[in-house]
Amino acid sequence: MHMADPHDASTHALLQPGQAAPDFTLPATPDQKLSLSDLRGAPVILAFYPADWSPVCGDQMGLYNEMLPEFHRSGAQLVGISTDGVWCHAAFAETRKLHFPLLADFEPKGEVARRYDAYRAQDGVAERALFVIDAEGVIRWSYLSPLGLNPGADGILDALDALVPTPKTPTSNTPTSNTYGAQA
Amino acid sequence: MTRRLPPVSATDKVAGPADAPVTLIEYGDYECPYCGEAYPVLKAVQEAMGARLRFVFRNFPLTEMHAHALRAAQFAEAAAASGVFWAAHDMLYEHQDALDVASLTSYGAQLGIERRVLQAAFQGQYDAIIQQDFVGGARAGVNGTPCLFINGVRYDGPRDRQSLIEVLDRAAAAAAIDVPA
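Order-wise, the sequence lines are chains A and B. Mapping to our numbering: the first sequence position 102 is 105, numbers consecutive. Mapping to our numbering: the second sequence position 109 is 111, numbers consecutive.
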């Protein structure tokens, strides 16, 4: 349920498309770490969210969990990030049967969220913010959702579609035609 | 956000006239408690709107969250193939606490769904339809269940009977103005 929240009208801007996605290394489980650079070579969806157990987050991560086959069709890997600790993430992922990593941006608290301009200092949690990063590590789409609203998956799917080259038709401007070469 | 809501098609489960001024599409999960809450409300809304409303139900089973959601959707598709979709739909929402295979098989017998039709459904015969509903919904902005679209636009407002009837009335009035003379 969306609550009226004076902080919801976030004015700060997330890192924007075209910018290099800052690399990071965070715990994925009590004894494993994951770096963004480990995922280079395929698109990555970074889903920052405020907290493991709040109802909207559960719905959002639950929805993305169901969307994994669709995300994987684009070759994309999904990673959730919040300021919760690894044991909290482990319990949450087990309860909700999540099949993607949840990273703990726990110490120093919210440091990675800050690097993506996706930290809510007034609440001490990550924003509900989405990033689609291409195989070369460049941000191609970002979206800041109102904190209390599940942003769904449509924006992510659109962004992933935009990464995939559309099949060439006989009339398309293929590089071989050379017509557009000078502008490339 | 609603630019790509799939249009109503032959695989859709539709109640109400094709030329009704308002089309209400629900994306739902048969095991979802919020869908269960919405079920009697939507029934009452359908009754109040009468022929002015076309109601469409599409599958959005959250199969990791709800262990029986996929089976129930398969059951509903078997019912649709047997011409008894809405009776099955009602039965599922009226028995959300008993959606295991044995219960579904018993409902199937009560509704006259042939065993082989139900077995084929459980083996995945209609999974492509269920998947098509799910992906189409996700691409159109479904962000949880139940998710309602009124004349193609996602409705995020209150889901009590009175509020829904008011918003559907307004949509019907707006549609009447839009119709070319």
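We treat Cβ as the ideally placed atom computed from N, Cα and C, and that holds for glycine. Quick caveat: nothing in here was measured; it's all calculated off a predicted structure.
- Message: Contact between the stretch 42–56 of chain B and the stretch 124–135 of chain B is defined here as three or more beta-carbon pairs at a separation below 8 Å; is this criterion met?
- Response: Using a C-beta cut-off of 8 Å, the stretch 42–56 of chain B makes no contact with the stretch 124–135 of chain B, since fewer than three inter-stretch Cβ pairs fall below that distance.
- Cα separation between T147 of chain B and I27 of chain B? Stepping through the second sequence from its first residue, residue 147 of chain B is reached at position 145. Stepping through the second sequence from its first residue, residue 27 of chain B is reached at position 25. If I take the Cα positions, the gap works out to 12 Å.
- Query: Going by the beta-carbon positions, is the gap between V119 of chain B and A82 of chain B smaller than 8 Å?
  - Reply: Locating residue 119 of chain B in the second sequence gives position 117, where the first residue counts as 1. Locating residue 82 of chain B in the second sequence gives position 80, where the first residue counts as 1. No, the pair does not count as a contact, with Cβ atoms beyond the cut-off.
- For F57 of chain B, I'd like the list of residues in its chain whose CB is within less than 6 Å of its CB, leaving aside the five on either flank, ordered along the chain. As a working mapping, residue 57 of chain B is identified with position 55 in the second sequence. Closer than 6 Å at the Cβ level, and outside the excluded window around F57 of chain B, lie A17, G18, L26 and Q48.
- Query: What residues in the stretch 115–148 of chain B have a beta carbon less than 8 Å from any beta carbon of chain A?
  - Reply: F136, V137, A140, R141, A142, G143, V144, N145 and G146
- Reduced DSSP secondary structure (H/G/I, E/B, other) of Q127 of chain B: Translated into positions along the second sequence, residue 127 of chain B becomes position 125. Here Q127 of chain B sits in coil by DSSP.
- So N153 of chain A packs on L101 of chain A, CB below 8 Å; how close in whole Å? For the purposes of this step, residue 153 of chain A is taken as residue 150 along the first sequence, with counting starting at 1. For the purposes of this step, residue 101 of chain A is taken as residue 98 along the first sequence, with counting starting at 1. Rounded to whole angstroms, the Cβ separation of N153 of chain A and L101 of chain A is 15 Å, and the two are not in contact under 8 Å.
- Message: Comparing C-alpha positions only, which one of A:P104, A:G65 and A:G88 sits nearest to L39 of chain A?
- Response: Translated into the one-based positions of the first sequence, residue 39 of chain A becomes position 36. The residue from A:P104, A:G65 and A:G88 with its alpha-carbon nearest to that of L39 of chain A is A:P104.
- Residues in its own chain within less than 8 Å of Q98 of chain B by CB, not counting five upstream and five downstream? Within the second sequence, numbered from 1, the residue matching residue 98 of chain B stands at position 96. Y32, E33, P35 and G38.
- Task: Return the CA-CA distance between H91 of chain B and A78 of chain B, expressed in angstroms with no decimal places.
- Result: Mapped onto the second sequence, residue 91 of chain B falls at position 89. Mapped onto the second sequence, residue 78 of chain B falls at position 76. In a straight line, the C-alpha of H91 of chain B is about 6 Å away from that of A78 of chain B.
- Query: Under the rule that 16 or more other beta-carbon atoms within 10 Å means buried, what is Q76 of chain B, buried or exposed?
  - Reply: Taking the first residue of the second sequence as 1, we reach residue 76 of chain B at position 74. Flag for Q76 of chain B reads buried.
- Within chain B, the residues that A156 of chain A reaches when beta carbons sit closer than 7 Å: In the first sequence, the residue the question calls residue 156 of chain A occupies position 153. Going along chain B in sequence order, the residues near A156 of chain A (Cβ under 7 Å) are A140.
- Item | Limits of the alpha helix (DSSP H) - the one that L72 of chain B falls within | For the purposes of this step, residue 72 of chain B is identified with residue 70 of the second sequence, where counting begins at 1. Taken as a continuous stretch (DSSP letters only), the alpha helix (DSSP H) holding L72 of chain B covers A71 to A83.
- Query: So, does the CB of L64 of chain B fall closer than 8 Å to a CB anywhere in chain A?
  - Reply: What you label residue 64 of chain B is simply residue 62 of the second sequence in a count that begins at 1. Yes, L64 of chain B lies at the interface with chain A (some Cβ there is under 8 Å from its Cβ).
- Query: What residue from A:F27, A:K36, A:A23 and A:I48 has the CA that sits closest to D157 of chain A's CA?
  - Reply: Along the first sequence, read from residue 1 onward, the residue named residue 157 of chain A stands at position 154. Cα-wise, what sits closest to D157 of chain A is A:I48.
- Beta-carbon spacing of E130 of chain A, F51 of chain A below 8 Å: Indexing the first sequence from 1 puts residue 130 of chain A at position 127. Indexing the first sequence from 1 puts residue 51 of chain A at position 48. Yes, Cβ-Cβ distance for E130 of chain A and F51 of chain A is below 8 Å.
- Query: In terms of residue numbering, what span does the beta strand (DSSP E) encompassing L133 of chain A cover?
  - Reply: As a working note, residue 133 of chain A is residue 130 in the first sequence. Secondary structure note for L133 of chain A: its beta strand (DSSP E) is the uninterrupted segment R131 to I136.
- Query: Do you know how far the Cα of V141 of chain A is from the Cα of A23 of chain A?
  - Reply: As a working mapping, residue 23 of chain A is identified with position 20 in the first sequence. As a working mapping, residue 141 of chain A is identified with position 138 in the first sequence. The straight-line gap from Cα to Cα measures roughly 4 Å.
- Item | Separation of I179 of chain B from S57 of chain A, as counted between CA atoms | Taking the first sequence and counting its residues from 1, one reaches residue 57 of chain A at position 54. Taking the second sequence and counting its residues from 1, one reaches residue 179 of chain B at position 177. Each residue's alpha carbon lies about 43 Å from the other.
- With respect to the alpha helix (DSSP H) encompassing C37 of chain B, which residues constitute its N-terminal and C-terminal limits? Indexing the second sequence from 1 puts residue 37 of chain B at position 35. Note, C37 of chain B: alpha helix (DSSP H), P35 to M51.
- Query: Quick one: is D62 of chain A near chain B, going by C-beta distance under 8 Å?
  - Reply: Counting from 1 along the first sequence, the entry for residue 62 of chain A is found at position 59. So yes, D62 of chain A belongs to the interface.
- Query: So A49 of chain A is in the beta strand (DSSP E); what residue range does that whole segment cover?
  - Reply: Numbered from its first residue, the first sequence carries residue 49 of chain A at position 46. Sequence check: residue 49 of chain A is Leu here, not Ala. Start and end: V47 to F51.
- Buried or exposed for M3 of chain B, please, with buried defined as at least 16 other CB atoms from any protein chain shown within 10 angstroms of its CB. As a working mapping, residue 3 of chain B is identified with position 1 in the second sequence. Residue placement at M3 of chain B cannot be trusted, given a pLDDT of 42 that sits under 50; the coordinates are not used to answer.
- Kindly list the residues whose CB is nearer than 7 Å to the CB of G78 of chain A, restricted to its own chain and excluding five residues on each side of it in sequence; keep chain order. Taking the first sequence and counting its residues from 1, one reaches residue 78 of chain A at position 75. Closer than 7 Å at the Cβ level, and outside the excluded window around G78 of chain A, lie A45 and P46.
- Own chain residues within Cβ distance below 8 Å of P33 of chain A, not counting five before or after: Residue 33 of chain A sits at position 30 when you count from the first residue of the first sequence. If we look at P33 of chain A and ignore the five residues flanking it on each side, its Cβ neighbours are V89, W90 and A93.
- Message: Any beta carbon of chain A sitting closer than 8 Å to that of M67 of chain B?
- Response: Taking the second sequence and counting its residues from 1, one reaches residue 67 of chain B at position 65. So yes, M67 of chain B belongs to the interface.
- CB of L163 of chain A within 8 Å of CB of V135 of chain A, strictly: As a first step, residue 163 of chain A must be located in the first sequence, where it is residue number 160. As a first step, residue 135 of chain A must be located in the first sequence, where it is residue number 132. Yes, the pair counts as a contact, with Cβ atoms nearer than the cut-off.
- Quick one, are the C-beta atoms of N145 of chain B and G155 of chain A less than 8 Å apart? Translated into the one-based positions of the second sequence, residue 145 of chain B becomes position 143. Translated into the one-based positions of the first sequence, residue 155 of chain A becomes position 152. Yes. Within cutoff.
- Find the nearest neighbour of S165 of chain B within the set B:M51, B:Y29, B:A177 and B:P23, judged by alpha-carbon distance. Working through the second sequence from its first residue, we reach residue 165 of chain B at position 163. For S165 of chain B, the nearest C-alpha among the options comes from B:M51.
- Message: Just to confirm, is the Cβ distance from L150 of chain A to P30 of chain A under 8 Å?
- Response: Within the first sequence, residue 150 of chain A is the residue found at index 147, counting from 1. Within the first sequence, residue 30 of chain A is the residue found at index 27, counting from 1. No, these two residues do not count as a Cβ contact at 8 Å.
- Query: In three-state DSSP terms, what is A156 of chain A?
  - Reply: Locating residue 156 of chain A in the first sequence gives position 153, where the first residue counts as 1. Coil, per DSSP.
- Task: Report the rounded CA-to-CA distance for G30 of chain B versus T98 of chain A, giving the unit in angstroms.
- Result: Position 28 of the second sequence, counted from the start, is the residue given in the question as residue 30 of chain B. Position 95 of the first sequence, counted from the start, is the residue given in the question as residue 98 of chain A. C-alpha separation (whole angstroms): 22 Å.
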